[in-house]
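Read the structure below first, then the notes.
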Amino acid sequence: MEKTVQQFPPFREGSAPHQGHDDHGHQEHHEPGFWQKYIFSTDHKVIGIQYGLVALSFMLFGFFLMLCMRWSIAHPMKAMPFIGGILHSIVGSQMASPVKDASGTIIGYAMSPELYNSFGAMHGTIMVFLGVVPLAFAAFGNYVVPLMIGAPDMTFPRINMASFHAFFLGGVVMLVSFFIPGGAAQAGWTSYSPLASTIPTNGQAFWLVGMVLLITSSLLGAVNFIATIIQLRAPGMTWMRLPWFVWAQFVTAFILLLAFPPLEAAGVLQLMDNVAHTSFFLPTGLAVSGVVGQASGGGSPLLWQHLFWFLGHPEVYVLILPAMGIVIEVIANNTRKPIFGYKSLVYSSLGVGFLSFIVWAHHMYMTGMGQKIATFFQATTMIISIPSVIILTCMFLSLWGGSIRINTPMLFALGFLPMFGIGGLTGLPLGLAATDLYLHDTYYIIAHFHYVVAPGTIFGLFAGIYFWFPKMTGRKMNEFWGRVHFWCSLVFMNLVFMPMFAQGIKGMIRRMSDGGVNYSAARVPGAIDTLPGSVMELNGWILWAAIALGIAQIPFIINLFWSISHGEKVGTNPWSATTVDWQTPTPPPHGNFATEPHIVRGPYEYSVPGHTADFTPQSETVAAKNSTGHH
Amino acid sequence: MSESEHPVVFKDYTRRCLLVLLAVACMTAMMIATSFSSIGSGSWTPKVALILLIASVNAFVIAGFLMHLLSEKKLVYTILAFTVFFFIGLAGLTIWAMNDLPVGSAKH
Amino acid sequence: MEIPYTVHKRADTGLYNAKLGIWLFLASEVMLFGGLFSAYILLRVGAGEGTWPHGWLDVRLGTINTILLALSAITTLLAWAALKVKEFGKFKFFHACTMLLALTFLGIKSYEYYDKFHHYEIQLNNGTIADGHFVEQSADFDLAKKTGTFTIHGHIVERHAELMDMRSDEAKKAKHEEHVIAAADIKHMENYSPRHNTFTAIYFTMSGLHALHILGGTLVIFYLWGPGSRMWKTDPERFTNRIEVSGLFWHFVDLVWVFLFPVLYLT
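Right under this line is the structure:
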């Protein structure tokens, strides 16, 4: 069957992969140089890969920050092996405290609480804004969306390039802030004022400038995605024929477009607070360490929280929707049957996107909120769980009766389902004020949102990488090591995050560099509600699970790079998929399609009765060859 | 007006532009007059409300005629409707949240 | 394959790409300024009795700037209309006017900023407050060492509240003259910079961000007027679209000012 799906000459090594150039006429006649081809490229596929590689690097870095923090939690103020010395040479004795033995000689360096705080703030910032969003939205969106809708490129290729460069610059600003005196931002990824304006480091100003750049990048990207999906759909690609991944990206882009600007406004205001010493978020009579400051006052700390969470909550759906989109594509492809409830999925994603704008204050029940407004936000929070559950249910029901094909992308997609389920369901108690007051700012919350984002979203992203790798390179990633990567990641992810639920329910607060030692039964025997030894012991176990999780990523990293040149060679449509992205040459040339594809059917026509092949691609030419008398 | 559905006649167009300019100038003058008037006798609230009302009409004229919003496509209306809705949500819910305090809390 | 609909409209949306793009961008701008206006409302509503100032800005200058922007909006539109009737010379003329008006706007704005930075509120040791514009300071003026003198042109008030409403009758009656103040008499002095209070903070931030938009818009218009206008010869239709799209941005910036002016100057 492979032959019939190849509309275009398959990609041959050495033959011009840029055959699409002919159609571009005046644009480029000569082969572009290295800088033009890889750094200043306007091709959506190159930009997608740029985003992907940079985002993966940032995620690895963010993971490393977390490992340092877990060491500090498990062994507070104990010398950190290997890493301690390196940290000391970078950040100095102020931040990496020397640890001395009985005779006074320095035996190593430990993390200071300040360094812990800055790693904590930057871990969150990097993972969310420099890792997951660029990978899920920008990388996959850029590479896949134009191919899926049959478009030659994004609508505004140069704005697309500008978007990546703004993102990269924002990342550089964030990284540079580690090296300035006082270190990077220390007020948490949420940067609550007045804390953010009173910590004596310029890291916060760097953070804000970095954020403004990242937000600008996201806005440019969002405009581009929406315009592309609305304007550049190929003939016949009606809204209800769009693969659901495109819908997910479409809703995500709208969330970014309309939810990010208020945070940009808030960022500008906080930047004014930090640099021009205004008092937007500083109340009258603010005292720091018992001393009343020079600020004029009159501002409102809660204003920052409102503006921050107006983005912050929709951001959750920015993190999860693209991953859900990937999972749907992978599940449909590997169950070899149409996805269950396509229309429900579409309306649910729209509903989630819409409702995500009016739930934000459920992050703020602890701020002295009145009963009426709390009731409103509890109601919207409960309502938004309905479309989310519909999406998850459709995913599960899609498995029903399918002849499931197990491969690495499918394993990650299947892993996503229960992991996201745990993350989502444990969120319900946090959406209700009465239970949230107890669980707020404990490890329970950490466990909850990491289940959503780490084994949830990131598993979805891994599925996407394994799934579309053959389209990007013409080769498959190694299946055996892929499975090793999956099973190890699954086990260790759960070993890392599951114990945190227990710790949180026992009352262990987050953001403590000593992991709660000062609240432990061992430190204050006889006091009520102290943390028992069994809960404290979990800190040590989590550290080892986290290290193991890090080691489990090594097969992936090696597999990723090794497969580029040594993976198993495959044709243009190795997964026998129906969507148009698999109907292009591999890798797709500049301009993507030799001729404009014509779409004649929905995206998931698998195992159509009466067809010889168990998949029927969306575009017309194939249908003519594949079957007569269809529908 | 936005595309070449109606061919542009430059003279007519100039006249229309000048009318809009005149309207904007008049409304600006009205806002200033309100601001310095004794409406509300010492209280700013009625004045602010009136001025913002005039400013909204002014904005409508600019958006409607200068930005051709009155003859724009449905898609643009849809996008702007969502935007305005979310803006009202942002401002409205935030103000509500700031003023709704738990029962029994001291007024600040 | 080429990217379609760069010039002509797509049938089902009725828009060409850039037009949709700019409206999406403007939607995000609405939310950006929406966030700032929300902040303004909350700061103002949350301000204590008599702590929100009135009449601190010069309405005359604000009015002139309002008219300048309205005029520039008209010239932008006429520049586009000129291209529609294929009169390139007229286009050049009208957009030259647009840029001139925009630069005048920025000039007046800078003067207003300059004025605020030279405006001092000086709390004296005897409990009164001297308030006025900087004239000169003696060579040995040093607040820490308490030497030298500082001269302002303004008035001295008994209560801080008198400074908050410059529209009040007593403020209008106050006589403004030069006051020489000895450093030894000064308890605390501060100019009307952003940190002075929440009003100056939001004034500088919002008008500053607006001014940055004016600057950005002017640069775009300059590009399209100068080097970018070569496209008129190769692809006149697309060039006209570019002028329309940049015009939409310009009108939006005008729209923001239509709210900024009453909110900052008139109330």
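Residue numbers (my numbering), protein chains in the order written: chain A, 1221 to 1851; chain B, 2 to 109; chain C, 8 to 274. Backbone N, C-alpha and C define an ideal beta-carbon position, used for all residues, glycine too. Predicted model only: the values in this text are computed from it and were never measured.
Output, in chain order, the set of chain C residues within a Cβ distance shorter than 7 Å of residue i.
| i | result |
| --- | --- |
| I52 of chain B | P269, L273, T274 |
| M68 of chain B | L255, H258 |
| I1450 of chain A | T20, L27 |
| C18 of chain B | I81, L84, L85 |
| M32 of chain B | P269, L273 |
Using the beta-carbon count (16 or more within 10 Å), is residue i buried or exposed?
| i | result |
| --- | --- |
| S1437 of chain A | buried |
| E1248 of chain A | Because E1248 of chain A sits at a pLDDT of 45, beneath the cut-off of 50, its placement in the model cannot be relied upon, and the following sentence gives the value as read from the coordinates. Exposed, because fewer than 16 other Cβ atoms sit within 10 Å of the Cβ of E1248 of chain A. |
| C1614 of chain A | buried |
| F1399 of chain A | exposed |
| Q1227 of chain A | At Q1227 of chain A, the pLDDT of 39 sits below 50, so the modelled position is not reliable and the matter cannot be decided from this model. |
| P1675 of chain A | buried |
| H1810 of chain A | buried |
| C1288 of chain A | buried |
| L262 of chain C | buried |
| M1460 of chain A | exposed |
| G276 of chain C | Nothing about residue 276 of chain C can be read from this structure; chain C reaches only from 8 to 274. |
| G1245 of chain A | Legend: pLDDT at G1245 of chain A = 40, less than 50; position of this residue unreliable, value from coordinates given subsequently. So G1245 of chain A counts as exposed. |
| S1216 of chain A | Because chain A is modelled from 1221 through 1851, residue 1216 of chain A falls outside the range shown and cannot be assessed. |
| K179 of chain C | exposed |
| C27 of chain B | exposed |
| T1587 of chain A | exposed |
| G1324 of chain A | exposed |
| K15 of chain C | Note that residue 15 of chain C is His in the sequence shown here, rather than Lys. Result: exposed. |
| G1651 of chain A | buried |
| T1750 of chain A | buried |
| H1705 of chain A | buried |
Starting from residue i, find everything on chain D with Cβ-Cβ shorter than 9 Å and list it in chain order.
| i | result |
| --- | --- |
| T84 of chain B | Chain labels in this structure do not include chain D; the protein chains are A, B and C. |
Mind listing the chain C neighbours of residue i? Cutoff is C-beta to C-beta under 8 Å, in chain order.
| i | result |
| --- | --- |
| A64 of chain B | H258, L262 |
Strictly below 8 Å CB to CB, what residues from chain A border residue i?
| i | result |
| --- | --- |
| M196 of chain C | By Cβ distance, chain A contributes nothing, its closest Cβ being about 13 Å from M196 of chain C, past 8 Å. |
What residues of chain B sit near residue i, judged by a beta carbon separation below 8 Å?
| i | result |
| --- | --- |
| I1593 of chain A | L94, W97, A98, D101 |
| L68 of chain C | Under the 8 Å cutoff, chain B gives no residues; its nearest Cβ is about 12 Å from L68 of chain C. |
| H1533 of chain A | In chain order: nothing, as chain B lies at least about 12 Å away. |
Could you name the residues of chain B that residue i contacts, counting a contact when the two beta carbons are closer than 7 Å?
| i | result |
| --- | --- |
| I1678 of chain A | Those within 7 Å of I1678 of chain A in chain B number zero; the least Cβ separation is about 29 Å. |
| F1530 of chain A | L91 |
| T73 of chain C | T29 |
In chain B, which residues lie with their C-beta within 9 Å of the C-beta of residue i?
| i | result |
| --- | --- |
| G1588 of chain A | L102, P103, S106 |
| G1522 of chain A | Residue identity differs from the one stated: residue 1522 of chain A is Leu in this sequence, not Gly. Those within 9 Å of L1522 of chain A in chain B are T95, A98, M99. |
Using a C-beta to C-beta distance shorter than 7 Å, which residues of chain A count as neighbours of residue i?
| i | result |
| --- | --- |
| I136 of chain C | The premise fails here: I136 of chain C is roughly 15 Å from chain A at the closest Cβ pair, so nothing lies under 7 Å. |
| F87 of chain B | L1478, F1577 |
Determine the chain C residues that contact residue i at a beta-carbon separation under 9 Å, and present them in chain order.
| i | result |
| --- | --- |
| A1496 of chain A | S200, P201, R202, A208, F211, T212 |
Quick one: list the residues of chain A neighbouring residue i, beta-carbon separation under 9 Å, in chain order.
| i | result |
| --- | --- |
| P11 of chain C | A1371, P1372, Q1451, L1452, E1816 |
Select from the stretch 22-33 of chain C all residues with a C-beta closer than 9 Å to any C-beta belonging to chain B, and list them in chain order. L22, Y23, K26, L27, W30, L31, L33
Name the residues in the stretch 203-215 of chain C whose C-beta lies less than 7 Å from a C-beta of chain A; which are they? H203, N204, T205, A208, T212
How about the stretch 1328-1338 of chain A and the stretch 1304-1317 of chain A: do they share at least three Cβ pairs that are nearer than 8 Å? yes
Quick one: which unbroken alpha helix (DSSP H) runs of 4-plus residues sit fully inside the stretch 1370-1437 of chain A? Chain order, please. 1377-1396, 1415-1418
To be precise: take each residue of the stretch 237-256 of chain C, compare its Cβ to all Cβ atoms of chain A, and keep it if any distance is under 7 Å. Which residues remain? none
Residues of the stretch 1637-1663 of chain A with Cβ closer than 7 Å to any Cβ of chain B, in chain order: none
Anything in the stretch 43-63 of chain C with a Cβ closer than 8 Å to a Cβ of chain B? List those residues in chain order, please. F44, S45, I48, L49, V52, G53, H61
Using a Cβ-Cβ cutoff of 9 Å, what residues of the stretch 1555-1586 of chain A are near chain B? List them in chain order. F1574, F1577, I1578, W1580, A1581, M1584
The stretch 34-48 of chain B: positions lying closer than 9 Å to chain C by Cβ: T35, S36, F37, W45, K48
The stretch 241-261 of chain C contacting the stretch 21-39 of chain C, beta-carbon criterion three pairs below 8 Å: yes
Select from the stretch 1466-1484 of chain A all residues with a C-beta closer than 9 Å to any C-beta belonging to chain B, and list them in chain order. F1474, L1477, L1478, A1479, P1482
What runs of the alpha helix (DSSP H), each 4 residues or longer, lie entirely inside the stretch 77-165 of chain C? 95-124
If contact is defined by three or more beta carbon pairs under 8 Å, each pair taking one atom from either stretch, is the stretch 1264-1275 of chain A in contact with the stretch 1363-1378 of chain A? yes
Meets three-Cβ-pair contact criterion under 8 Å: the stretch 1728-1735 of chain A and the stretch 1694-1701 of chain A: no
List, from N- to C-terminal side, the alpha helix (DSSP H) runs of 4 residues or more that fit wholly inside the stretch 1316-1344 of chain A. none
Which ranges would you report for the alpha helix (DSSP H) in the stretch 1723-1794 of chain A if only whole runs of at least 4 residues count? 1753-1772, 1774-1786
For the pair the stretch 1535-1542 of chain A and the stretch 1350-1360 of chain A, tell me if three or more CB-CB distances fall below 8 Å. yes
Tell me whether the stretch 1820-1839 of chain A and the stretch 1603-1610 of chain A touch, counting them as touching only if at least three CB pairs, one residue from each stretch, are closer than 8 Å. no
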